[in-house]
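Step one of this worksheet: look at the structure below.
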DNA sequence: AAAAGAATGCACTGGTGAGTGCAGTTTATA
DNA sequence: TATAAACTGCACTCACCAGTGCATTCTTTT
């Protein structure tokens, strides 16, 4: 009666393979046989663990969303009110930009958007696990910066929304929706631009 | 030898039906039979006009991209340097936001992103026809505003990029990727926020 | 009116993929 | 060591769908 119900290593291997294959081929074009082959596992094992293709997909996406949340929150932690706001915002911005431009992040967003029609719950899975929490955490930190006298803002939620917008939206075009890898200096440039504009609008100067 | 080669009305009906079905079901899940039925046309007719499923898809997406471009450019026309910049930016912002939140726009972006892997050319089709031109046009107008002394900016391209970011990115979250319809007052609110922040950063005050 | 071109309906091929059934093997637990 | 549970390999069903072939029926042009 130990915790090895379902042989965790296999389950993990399946989840990783599933994400790889789904990300490469898309949900519909990916076959369960391919996932099985990639994971080095019999097709039956997959059906034992996850029941059907949809559930496997949901599980894979959820796992990735958890990952992404952790990395984003870790980045936001860096934003402490006792630091120099320019420096701190730039560092956090760069970290968040890196998260956003991660290959897996692109894949999750792509899969999510593609299958929205057939599996609306996906939206909530990802939003509850990641997006919302990241925005809240960022808003909290910005509020503390404002309280410390480093920013002048009326609504921290809006400020977080806009900081995020300035930081991520430019990459949609620049990386051609994740097709092209963004070189580091461009990452830094966009971050720089975002922080500069954000501080021009909300900084105390 | 008149211009009716291919019976335009049928071709048009097919394109519209194709887009409807693709947008609803996604590229792979949509069957050519369904498109034919929706268009009220025999399957053969589709193959006569477009050759195969992929070409039909490309044609449908391209047609929609042309539409979107026209609407976006029309919106940007409104941005004339002799007008009051706050008013002008707000009006243009609202129009652009409306374009971005249009149901068809969401569908195009969804389909595009979903099929990027299997049809990379799509990216270029849409970018050449719409995105790039819109950005350029916006940058041009912002440059003229700056020249007229209404804005203080070093790089109009970056300014356009950021105005676009502030204007569109918030809707990704707020409309849940196009799932939820944005009520007008929220559209106005986001636009308001965007213009306000943009002018705080780049306005002459 | 005749001929050419489009469009239609229907049946058919060939391919693919989700999910199941089964018989046998490995691994862990008691 | 016995026994249950998990895993494997393979074959099989069933459904769906892109694309084609053909005989027939409009529609347009000359």
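Chains as they are written, first to last, in this note's numbering: chain S, -14 to 190; chain Y, -14 to 190. Positions of the beta carbon are idealized from the N, C-alpha and C atoms, including for glycine.
Note to self: Which of the three DSSP states is assigned to residue 11/S in this structure?
What the structure shows: Reduced to three states, the DSSP call for residue 11/S is coil.
Checklist line | Residues, ordered as in the chain, of the stretch 69 to 97 of chain Y that lie near chain S by beta-carbon distance below 8 Å | finding: Listed by position along the chain: 94, 95 and 97.
Notebook entry, point to check: When you compare each of 83/S, 142/S, 115/S and 137/S to residue 155/S by their alpha carbons, which one comes out closest?
Noted result: Looking only at 83/S, 142/S, 115/S and 137/S, the smallest Cα-Cα distance to residue 155/S is reached by 83/S.
Next item on the list: Tell me whether residue 149/S sits in a helix, a strand or coil according to DSSP, three-state version.
Entry: Helix at residue 149/S.
Item checked: Residues that DSSP places opposite residue 101/S in a beta bridge -> Beta-bridge pairing links residue 101/S to no other residue.
Margin query: Pop quiz: residue 141/S and residue 127/S are said to be a contact at Cβ under 8 Å. What is the actual Cβ separation, rounded to whole angstroms?
Written below: Their Cβ separation, rounded to whole angstroms, is 5 Å, which keeps residue 141/S and residue 127/S in contact under 8 Å.
Margin query: Within the continuous alpha helix (DSSP H) that includes residue 40/S, where are the two ends?
Written below: That run of the alpha helix (DSSP H) goes 38 to 62.
Next item on the list: Give the C-beta separation of residue 93/Y and residue 49/Y to the nearest angstrom, bearing in mind that I take them to be a contact with Cβ-Cβ under 8 Å.
Entry: About 5 Å separates the beta carbon of residue 93/Y from that of residue 49/Y, a gap short enough to meet the 8 Å contact definition.
Item checked: Simplified DSSP assignment, three categories, for residue 85/Y -> It is helical.
Note to self: Quick check: what's the CA-CA separation for residue 25/Y versus residue 117/S?
What the structure shows: Approximately 44 Å, taken between the alpha carbons.
Check: What are the boundary residues of the alpha helix (DSSP H) that residue 121/Y is part of?
Finding: Run containing residue 121/Y: 117 to 132, per the alpha helix (DSSP H) assignment.
Next item on the list: Name, please, each residue of chain S whose Cβ falls closer than 8 Å to the Cβ of residue 162/Y.
Entry: Within 8 Å of the CB of residue 162/Y, the CB atoms of chain S belong to 97, 98, 101 and 108, in sequence order along the chain.
Margin query: Looking at chain Y, is there any beta carbon in it that lies within less than 8 Å of the beta carbon of residue 9/S?
Written below: The C-beta of residue 9/S comes closer than 8 Å to at least one C-beta of chain Y.
Next item on the list: Locate the alpha helix (DSSP H) running through residue 19/Y, then write down its first and last residues.
Entry: Residue 19/Y: member of the alpha helix (DSSP H) spanning 17 to 24, first to last residue.
Checklist line | Partner residues on chain Y for residue 13/S, Cβ-Cβ distance less than 8 Å | finding: Residues of chain Y passing the Cβ test: 11, 13 and 14.
Item checked: residue 189/Y, buried or exposed, once every other Cβ within 10 Å from all chains shown has been counted against 16 -> Result: exposed.
Margin query: Taking the straight line between their C-alpha atoms, what separation do you get for residue 27/S and residue 14/S?
Written below: Each residue's alpha carbon lies about 19 Å from the other.
Check: Looking at the structure shown, is residue 163/Y part of a helix, part of a strand, or coil, going by DSSP?
Finding: Three-state result, residue 163/Y: coil.
Notebook entry, point to check: Should residue 39/Y be flagged as near chain S, meaning a C-beta pair shorter than 8 Å?
Noted result: Residue 39/Y does not count as touching chain S.
Next item on the list: Look up residue 79/Y in the DSSP assignment and say whether it is helix, strand or coil.
Entry: Three-state result, residue 79/Y: helix.
Checklist line | residue 138/S, DSSP secondary structure in three states | finding: Correct three-state label for residue 138/S: coil.
Notebook entry, point to check: Given a threshold of 16 other Cβ atoms within 10 Å of its Cβ, counted over all protein chains shown, does residue 135/S qualify as buried or as exposed?
Noted result: That one is buried.
Item checked: Amino acids of chain Y, ordered along the chain, whose beta-carbon sits closer than 8 Å to that of residue 149/S -> The answer, in chain order, is 154.
Notebook entry, point to check: Along chain Y, which residues have their Cβ under 7 Å away from the Cβ of residue 146/S?
Noted result: Near residue 146/S (Cβ distances below 7 Å), the residues of chain Y are 155.
Note to self: Quick test of the definition: if touching needs 3 or more C-beta pairs under 8 Å, does the stretch 179 to 189 of chain S touch the stretch 162 to 174 of chain Y?
What the structure shows: Because the criterion of three Cβ pairs below 8 Å is not met, the stretch 179 to 189 of chain S and the stretch 162 to 174 of chain Y do not touch.
Checklist line | chain Y contact for residue 173/S (CB, 8 Å cutoff) | finding: Chain Y contact via Cβ: absent.
Next item on the list: Name the two residues that bound the continuous alpha helix (DSSP H) containing residue 171/Y.
Entry: Per DSSP, residue 171/Y belongs to the alpha helix (DSSP H) from 169 to 187.
Next item on the list: Please work out which residues of its chain come closer than 7 Å, Cβ to Cβ, to residue 77/S, disregarding the five sequence neighbours upstream and downstream, and give them in chain order.
Entry: Annotation for residue 77/S: 60, 61, 63 and 64 place their beta carbon closer than 7 Å to its own, counting only its chain and skipping 5 residues before and after.
Margin query: Considering only their Cβ atoms, is the gap separating residue 35/S from residue 21/S smaller than 8 Å?
Written below: Going by C-beta atoms, residue 21/S is not nearer than 8 Å to residue 35/S.
Check: By how many angstroms is the C-alpha of residue 72/S removed from the C-alpha of residue 144/Y?
Finding: Taken atom to atom, the span from the alpha-carbon of residue 144/Y to that of residue 72/S is near 22 Å.
Check: Skipping 5 residues on each side, what residues in its chain have a beta carbon closer than 7 Å to that of residue 90/Y?
Finding: 53 and 84, listed in sequence order.
Check: If the cut is a Cβ gap below 9 Å, which residues of chain Y does residue 178/S touch?
Finding: Going along chain Y in sequence order, the residues near residue 178/S (Cβ under 9 Å) are 140, 143, 146 and 147.
Notebook entry, point to check: Exposed or buried, residue 8/S, counting other C-beta atoms within 10 Å across all chains shown (16 or more means buried)?
Noted result: So residue 8/S counts as buried.
Next item on the list: Identify the continuous alpha helix (DSSP H) that holds residue 106/S and give its terminal residues.
Entry: Looking at the DSSP string, the run of the alpha helix (DSSP H) that includes residue 106/S is 106 to 111.
Item checked: Cβ-Cβ separation, residue 11/Y to residue 102/S (assumed contact under 8 Å), whole Å -> Residue 102/S to residue 11/Y, Cβ: 6 Å. Contact.
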